[in-house]
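One structure is given here, and the rest of the page talks about it.
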Amino acid sequence: MELENPAVPVNHEAMLAVIRRRRWYLWGLILLYLPVTMTILRLTESVKVTGAFFGIWVVLLCVAMALYACCKCPGCGKTFHMKNSTLSFSRKCRHCGLDISGGGDGRG
Ligand SMILES: [Zn+2]
Numbered sequence: 000m001e002l003e004n005p006a007v008p009v010n011h012e013a014m015l016a017v018i019r020r021r022r023w024y025l026w027g028l029i030l031l032y033l034p035v036t037m038t039i040l041r042l043t044e045s046v047k048v049t050g051a052f053f054g055i056w057v058v059l060l061c062v063a064m065a066l067y068a069c070c071k072c073p074g075c076g077k078t079f080h081m082k083n084s085t086l087s088f089s090r091k092c093r094h095c096g097l098d099i100s101g102g103g104d105g106r107g
């Protein structure tokens, strides 16, 4: 089974894979927050332990968000998700329109 898109250069594909992986880390952290918090609270019945988890989660979220924001686009070399000071969750580069799957217009 071919996993790589043959239309995308190999070095671009590797950089896009990093961007996709960082998106998964960020969304995973966001989506797991509530169920994990509720489970910890139910199991420990301790606000302190749950608060400690929240603190760890916030630190991990800041790291994941910083890594997400700093992703460089393989098409244009600029930040993939950031333009000026705004952050986007779009699947396309904010500067050149390169799609995260490797397609898109790719205008540099
Ligand atoms: Zn770009």
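End of the sequence shown = 107 in numbering that gives the first Met the number 0, gap-free, step of one. Just so it is clear, CB atoms sit at the ideal spot from N, CA and C, and this is done for glycine as well.
In the DSSP annotation of this structure, the continuous segment of the alpha helix (DSSP H) that includes Cys61 starts and ends at Val46 to Ala68.
Ranking Ser45, Val35, Val57 and Arg93 by CA distance to the CA of Ala68 puts Arg93 first. Between Cys75 and Leu97, the C-beta gap is smaller than 9 Å, which places the two residues in contact.
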